[in-house]
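See below for the structure under consideration.
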Amino acid sequence: MNLIRLLSPELISQIAAGEVIERPASAVKELVENSLDSGATSISVELVAGGLDKIRVVDKGCGMSHEDAALAFTAHATSKIASVDDLFSLSTLGFRGEALASIASIAHVVLKTRRAEERVGTVMELDAGKQLRYEEEACAEGTDIVVTGLFHPTPARRKYMKSEATEYGHCFDIVSELAMAHPAVGFRLLKDGELVFDLPVGQNLKERVRVLYGGQTADALVPVSYQQSNVQLSGFVGKPELSRSSRKYQFLFVNGHPIENRLVGHAVQEAYHSLLMNDKFPWTVLDLQLDPAFVDVNVHPRKMEVKFVNTQEIYRIVFGAVQRALQNATLSPIFGGQASVATSLRVSTSSPVFSPFASGGEFGRFDLNFVGQVQEPQPVGNSALFEVKGLQLRPLAQVSNRYIVAESAQGLVLIDQHAAHERVRYERLIRATSEATARALSQPLLTPLQLDLGVDSARLLREHATEFLALGYELEEFGGNTFLLRAVPAGLEKRDPEAVLREVLADVTNEWKQNHVKNVREVLATVTACRGAIKFGDPLTMIEMEALLKDMAVTPNCTHCPHGRPALFTWTHEKLEELFKRRNF
Numbered sequence: 123m124n125l126i127r128l129l130s131p132e133l134i135s136q137i138a139a140g141e142v143i144e145r146p147a148s149a150v151k152e153l154v155e156n157s158l159d160s161g162a163t164s165i166s167v168e169l170v171a172g173g174l175d176k177i178r179v180v181d182k183g184c185g186m187s188h189e190d191a192a193l194a195f196t197a198h199a200t201s202k203i204a205s206v207d208d209l210f211s212l213s214t215l216g217f218r219g220e221a222l223a224s225i226a227s228i229a230h231v232v233l234k235t236r237r238a239e240e241r242v243g244t245v246m247e248l249d250a251g252k253q254l255r256y257e258e259e260a261c262a263e264g265t266d267i268v269v270t271g272l273f274h275p276t277p278a279r280r281k282y283m284k285s286e287a288t289e290y291g292h293c294f295d296i297v298s299e300l301a302m303a304h305p306a307v308g309f310r311l312l313k314d315g316e317l318v319f320d321l322p323v324g325q326n327l328k329e330r331v332r333v334l335y336g337g338q339t340a341d342a343l344v345p346v347s348y349q350q351s352n353v354q355l356s357g358f359v360g361k362p363e364l365s366r367s368s369r370k371y372q373f374l375f376v377n378g379h380p381i382e383n384r385l386v387g388h389a390v391q392e393a394y395h396s397l398l399m400n401d402k403f404p405w406t407v408l409d410l411q412l413d414p415a416f417v418d419v420n421v422h423p424r425k426m427e428v429k430f431v432n433t434q435e436i437y438r439i440v441f442g443a444v445q446r447a448l449q450n451a452t453l454s455p456i457f458g459g460q461a462s463v464a465t466s467l468r469v470s471t472s473s474p475v476f477s478p479f480a481s482g483g484e485f486g487r488f489d490l491n492f493v494g495q496v497q498e499p500q501p502v503g504n505s506a507l508f509e510v511k512g513l514q515l516r517p518l519a520q521v522s523n524r525y526i527v528a529e530s531a532q533g534l535v536l537i538d539q540h541a542a543h544e545r546v547r548y549e550r551l552i553r554a555t556s557e558a559t560a561r562a563l564s565q566p567l568l569t570p571l572q573l574d575l576g577v578d579s580a581r582l583l584r585e586h587a588t589e590f591l592a593l594g595y596e597l598e599e600f601g602g603n604t605f606l607l608r609a610v611p612a613g614l615e616k617r618d619p620e621a622v623l624r625e626v627l628a629d630v631t632n633e634w635k636q637n638h639v640k641n642v643r644e645v646l647a648t649v650t651a652c653r654g655a656i657k658f659g660d661p662l663t664m665i666e667m668e669a670l671l672k673d674m675a676v677t678p679n680c681t682h683c684p685h686g687r688p689a690l691f692t693w694t695h696e697k698l699e700e701l702f703k704r705r706n707f
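Counting in the working numbering, the sequence shown runs from 123 upward without gaps.
Dropping the structure here:
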């Protein structure tokens, strides 16, 4: 009895098709990519029952000749590859023959196509890989392909499909992603006979995002641009407020291919360093154009992942471009419209500024002086102006000993005093690169404290003594797991130094275990900044509020704390008038 037997050609084709066409979205992707490769100026996609019952893709592309239409459904036939070298220099998206052959083997397919220079076109009809019709027929220029009964020859595979809504969702993601990758091409999507969207020819990327994901998303995007002789990077990254709990809204296109790449994803995430809360991912849509010879799209069977020849250069380009874009943008959330950097604040110098905290306390009580250069503020009335990320701010009052109320040309600004001061302290600590700088940030204790620490904390101190010293912690081993604490970072000396150090050690240990992307020094700077910053509930005088704004003016990323929480919000005059019903909208 023979246990090994040859598979039939039909079964071989259906197994191969299963590797390429996993679900309706896979078929949609292949068909739309073929349309794009044909030079289509517009593409229409129609879905019934999430693509399980029907997929129709109509394009205004170059179409196919009578002979090419027949070959397109033949296994191992393609218009994209002529030699082995072509595998490593692909600039097109799909493999027309392979995709059509796979789809036709597991569905019923009707193809109509005509080239512009030909008077009549071609109609082909296939079912489960068997040709039913192949003849000339009058039809429109371009290609019209209808796929019905997907997986009907393989019912076992069909039963593993999800609900119609789920399958439609995957199809929508594919079509919208390709529409963003090619904004100049018109895209139309219909679901069960109803129009979902109709994107006109010649749009730009931001217009596409606005239609597909809403105006609020489009308004919170920051442009990214980089160009050199062999690499171009363009697109947008979202402000921190757009961050999501998954990577679903991270779009990357390489030469028109929607792809995934961990290297690029890591570069983007690191560029947002300390601007995002834990387990949050930025909203990004980036287009990378480079010589096809420097990128390999064949590392993934469905071309979803790519491999770059010069990975470090790509990492450097993406990281640098995104970081610069974020540093140059106003990242604080704005309610009611975008803030204008060029607008100057107009205030009256004749009326006094309301300041319920104008007396009491002393300047520098919370160590607000930042090490750096800042232009002296211009006095206006009883207060002064401070330029913070393009906003000229004038502090007015404090709310519940928690928030600073300020005025700008754009409207009302509310500042989280703890988050803002935490960022100021973090940036100062992270720049402490020399022993001299560290000592300037350090505050000696009148009497050294003897601390008996546990094994883990003592080991952490020994292994990272340099990092602790660089940030202002002066510790000396005193035998066993005991240390002498001689100095702490400025701002912590008036708190309980022993309690603070133990809390810092616990925080560093926990964060280091949970987040291996950051190094110990960055984690230490984050928790030290938090422990020494102004607290929720600390009353501030007007002088102290002004000092904080002055420090924010020379602090990078001052719109967010090191944990990624926003430090200030702006309500525009228009939004305030809307809230108070002074405008008709």
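Note that CB positions come from ideal geometry on N, CA and C, so glycine has one too. Since we're looking at a predicted model, the values are computed, not measured.
Where ALA192 is concerned, the enclosing alpha helix (DSSP H) starts and stops at 188-193.
About 7 Å separates the CB atoms of CYS680 and ALA542; that is less than 8 Å, so the two are in contact. The shortest CA-to-CA distance from GLU435 to any of ASP341, ASN352, LYS370 is the one to ASN352. Here DSSP, grouped into helix, strand and coil, assigns ARG547 to helix. When Cβ pairs closer than 8 Å are counted between the two stretches, the stretch 564-584 is seen not to touch the stretch 672-691, the count staying below three.
For MET664, the uninterrupted alpha helix (DSSP H) segment begins and ends at 664-675. Around the beta carbon of ASN383, 16 or more other beta carbons sit within 10 angstroms, so the residue counts as buried.
In the DSSP assignment, SER530 falls outside any alpha helix (DSSP H), carrying neither H nor E.
Beta-bridge analysis with DSSP links TYR371 to no other residue.
In this structure, the straight-line span from the alpha carbon of ALA238 to that of CYS261 is close to 11 Å. Taking C-alpha positions only, ASP660 is separated from VAL527 by approximately 15 Å. PRO566: member of the beta strand (DSSP E) spanning 564-574, first to last residue. Within the model, the alpha-carbon separation for GLY173 versus ARG704 is close to 49 Å.
Around the Cβ of GLN253, a 10 Å sphere holds fewer than 16 other Cβ atoms; the residue is exposed.
Just so you know, the alpha carbons of LEU397 and VAL331 end up roughly 23 Å apart. Burial check for GLU152: the Cβ neighbour count within 10 Å reaches 16 or more, so the residue is buried.
Spanning the alpha carbons of LEU272 and SER365 requires a straight line of approximately 36 Å. Distance from ALA229 to THR270 at the Cβ level is roughly 7 Å; contact confirmed, criterion being Cβ atoms closer than 8 Å. Straight-line spacing of the CA atoms in ALA149 and GLU155 works out to 10 Å. The beta-bridge partner set that DSSP reports for LYS511 is empty. Within the model, the alpha-carbon separation for PHE702 versus LEU536 is close to 18 Å. One alpha carbon belongs to ALA447, the other to LEU410, and they sit about 16 Å apart. By the criterion of a C-beta distance shorter than 7 Å, ALA171 is surrounded in its chain by GLU286, once the five residues flanking it on both sides are discounted.
With 16 or more other Cβ atoms inside 10 Å of its own Cβ, PRO517 counts as buried.
Three or more beta-carbon pairs separated by less than 8 Å link the stretch 321-336 to the stretch 301-308, which places the two stretches in contact. The beta carbon of ASP629 lies closer than 6 Å to those of VAL649 in the same chain, with the five residues before and after it left out.
Scanning GLU699, ALA612, VAL642 for the CA closest to the CA of ALA655 turns up ALA612. Here ILE228 carries a coil assignment [DSSP, helix/strand/coil]. Secondary structure of ILE267 (DSSP, three-state): strand.
Between GLY378 and ALA303 the beta-carbon gap is near 6 Å, inside 8 Å, which marks them as a contact.
Residue state for GLY243 is assigned as strand, using DSSP reduced to three classes.
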